[in-house]
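A.B. asks: First the structure, then my questions, so here it is.
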Amino acid sequence: MRLEQNHNYSVILSEPRHIVPEIGRGYGERAWLRAVKDWENTDGSRGLDTPLKDWDPKWLKESGQSTKYHQREIVALEFISRYKRNKDEFCSAYPEHKRGLVPLAKAITLRQQEEGLRKRRRGKRTRSQSVASV
Numbered sequence: 001m002r003l004e005q006n007h008n009y010s011v012i013l014s015e016p017r018h019i020v021p022e023i024g025r026g027y028g029e030r031a032w033l034r035a036v037k038d039w040e041n042t043d044g045s046r047g048l049d050t051p052l053k054d055w056d057p058k059w060l061k062e063s064g065q066s067t068k069y070h071q072r073e074i075v076a077l078e079f080i081s082r083y084k085r086n087k088d089e090f091c092s093a094y095p096e097h098k099r100g101l102v103p104l105a106k107a108i109t110l111r112q113q114e115e116g117l118r119k120r121r122r123g124k125r126t127r128s129q130s131v132a133s134v
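Numbering (UniProt numbering), first residue to last: 1 to 134.
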């Protein structure tokens, strides 16, 4: 937030907010295509003034939407980099696209982990696991 002062008054100007736009259920099996568009393009009608690929990491921390951002990143980069924008091959490889963006992102993550392209996160230990190891 910044303060702009004039001789007679002060006005508080807020900094632009960066949001990861919603991709509603209405998109259905086309949700992943919307995610790719959001990754590469602006969409002022949905509040996306900067393509997600160009976001400053600081904005991601400020927005509190890192999960949404990373789901879109995973899907977009898999489609663009690995499948070279071939929709048929991508959809054939990931039938989960029919179930929506989140199941698709999970399927891509799992496949990349199985292929050694992405590290697996270590799960949190529960209290019972901690006690059992003592």
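C-beta: ideal position from N, C-alpha, C; glycine also.
1) Could you pull the DSSP bridge partners for Leu-104 from this structure?
2) In angstroms, rounded to a whole number, what distance separates the CA positions of Pro-51 and Glu-78?
3) Could you give the DSSP three-state label for Leu-52: helix, strand or coil?
4) Buried or exposed: Lys-68, going by 16 or more other Cβ atoms within 10 Å of its Cβ?
5) Measure the alpha-carbon distance for Lys-98 versus Leu-33 and round it to whole angstroms.
6) Here's the rule: buried if 16 or more other CB atoms are within 10 angstroms of the residue's CB, otherwise exposed. What is Glu-40?
C.D. replies: By the coordinates alone:
1) Looking at the DSSP assignment, Leu-104 forms no beta bridge with any residue, so it has no partner.
2) In a straight line, the C-alpha of Pro-51 is about 17 Å away from that of Glu-78.
3) Here Leu-52 sits in helix by DSSP.
4) Buried, because 16 or more other Cβ atoms sit within 10 Å of the Cβ of Lys-68.
5) Going by C-alpha positions, Lys-98 is about 11 Å away from Leu-33.
6) When all chains shown are included, Glu-40 counts as exposed.
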